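Trainee: Can you keep this structure in mind? I'll have questions shortly.
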Amino acid sequence: MVVGAASCYVDRVLRLKRPPPPQEGCVRCVCISDTHLQHEDLHLPYGEILLHCGDVLLESRGLQASALEALRSFHRWIEQQPHQHKLLVAGNHDGVLQALGPERVQEVLPKCTYLQDQGIDLEGLKLYASPLSMGQSPNAAFQSHGGYDERAACEAIPEGLDLLITHGPAGQGALGRASAALAERICRVKPRVHVFGHYHLGHGISLQEVIEVNASSADALFAVTHPPIILDIQPRRRAQKEPKC
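Per the numbering used here, the sequence shown starts with residue 1, numbered consecutively.
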């Protein structure tokens, strides 16, 4: 799938196992989510930035030894991936990440950058990531019914973003997994692209004023069957030198 006219800055959005090389001047982002311990089933194309939108684990609600060992296994895998920048946000199944806190997570996963309601600038792109999601399952890490402040997390999202990364989608529906407060904030700050997971049935791309990318790798049966979604994005400072689409 190739999208050329959705934005002057997002030149191509691809969902291919063997994508062509990125256009000159673009930054390639490889997006995955909801791998649920099956990350080794993925075959990732190269890109400058690898984004994992959460749910590394299948079930984790604290500092269990098994969850920590699963994190170390994930770290061994992600360390081997060729991407220059590897970003991770937590999901509701990643309770061990919530229990550890950002600094200790970074110690356990030193080869990737863990973002918890934080921003970062990479390759000329401005990114912000939040583990926010909605739901009513017992796996309630970073969800409002588990004590997480949904409204504060949404209000912290800044303007001027190229990429907003959250665990859960924005809006209504998605079997109760979407956040209306997040939709309101996105409408206000208008990131160029919103990348998320959490809702396994929604994998794909929605072309709206803000491009919405559901990068869930797992299907409804929690098997990793969805391919990575690739974004080729032209940084604003380069795009502003060229004619508008």
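Think of the CB as a built atom: it goes at the ideal place given N, C-alpha and C, for glycine as much as any other residue.
As the structure is a computational prediction, the values presented were derived from the model and not from experiment.
Could you tell me the distance, in whole angstroms, from the CA atom of leucine 37 to the CA atom of threonine 225?
Mentor: Put simply, the backbone Cα of leucine 37 is about 13 Å away from that of threonine 225.
Trainee: Short check: CB of cysteine 31 to CB of aspartate 232, under 8 Å?
Mentor: no
Trainee: Among the residues of its own chain, which have a CB less than 8 Å from the CB of aspartate 162, if the five just before and after it don't count?
Mentor: Tyr9, Leu125, Lys126, Leu127, Pro191, Arg192, Val193, Ile233, Pro235, Arg236
Trainee: Which term fits glutamine 259, buried or exposed, when burial requires 16 or more other beta carbons within 10 angstroms of its beta carbon?
Mentor: Outside the displayed span of the chain (1 to 245) sits residue 259, for which this structure offers no information.
Trainee: Mind the definition here: the stretch 110-124 touches the stretch 194-204 only if three or more C-beta pairs lie below 8 Å; say whether that holds.
Mentor: no
Trainee: Reducing DSSP to helix, strand and coil, say where glycine 95 ends up.
Mentor: helix
Trainee: Taking 8 Å as the threshold (C-beta atoms), are valine 89 and valine 54 in contact?
Mentor: Reading off the sequence shown, one finds glycine at residue 54, where the question assumed valine. Going by C-beta atoms, glycine 54 is nearer than 8 Å to valine 89.
Trainee: Could you spell out where the beta strand (DSSP E) holding arginine 28 opens and where it closes?
Mentor: 27-32
Trainee: Rounded to whole angstroms, what's the CA-CA distance from arginine 28 to glutamate 155? Just pull it up for me.
Mentor: 28 Å
Trainee: Given a threshold of 16 other Cβ atoms within 10 Å of its Cβ, counted over all protein chains shown, does glutamate 209 qualify as buried or as exposed?
Mentor: exposed
Trainee: Within this structure, are the beta carbons of proline 169 and glycine 147 separated by less than 8 Å?
Mentor: no
Trainee: What are the boundary residues of the alpha helix (DSSP H) that includes serine 206?
Mentor: Serine 206 -> not in any alpha helix (DSSP H); beta strand (DSSP E) instead, spanning 204-206.
Trainee: Could you say which of Gln98, Gln106, His39 lies nearest to phenylalanine 74 if we only look at CA atoms?
Mentor: Among Gln98, Gln106, His39, the Cα nearest to that of phenylalanine 74 is on His39.
Trainee: DSSP on glutamine 80, reduced to helix/strand/coil?
Mentor: helix
Trainee: One question on the structure: do alanine 218 and isoleucine 165 come within less than 8 Å of each other, judged by their Cβ atoms?
Mentor: no
Trainee: For glycine 146, name the three-state secondary structure that DSSP assigns.
Mentor: helix
Trainee: What whole-angstrom Cβ distance do serine 33 and serine 206 have, given they're in contact under 8 Å?
Mentor: The beta-carbon distance between serine 33 and serine 206, rounded to whole angstroms, is 15 Å. This is too long to meet the 8 Å contact definition.
Trainee: Mind reading off the beta-carbon distance from alanine 183 to glutamate 150? Whole number of angstroms is fine, and I expect it under 8 Å.
Mentor: Actually they are not in contact, since the Cβ atoms of alanine 183 and glutamate 150 sit about 12 Å apart, beyond 8 Å.
Trainee: Can you give me the C-alpha to C-alpha distance between glycine 171 and proline 228, rounded to a whole angstrom?
Mentor: Rounded to the nearest angstrom, the two C-alpha atoms are 23 Å apart.
Trainee: Opposite alanine 170 in the DSSP bridges: which residues?
Mentor: Ser179
Trainee: Tell me whether serine 66 sits in a helix, a strand or coil according to DSSP, three-state version.
Mentor: helix
Trainee: Should proline 110 go down as buried or exposed, given a rule of 16 or more other Cβ atoms within 10 Å for buried?
Mentor: exposed
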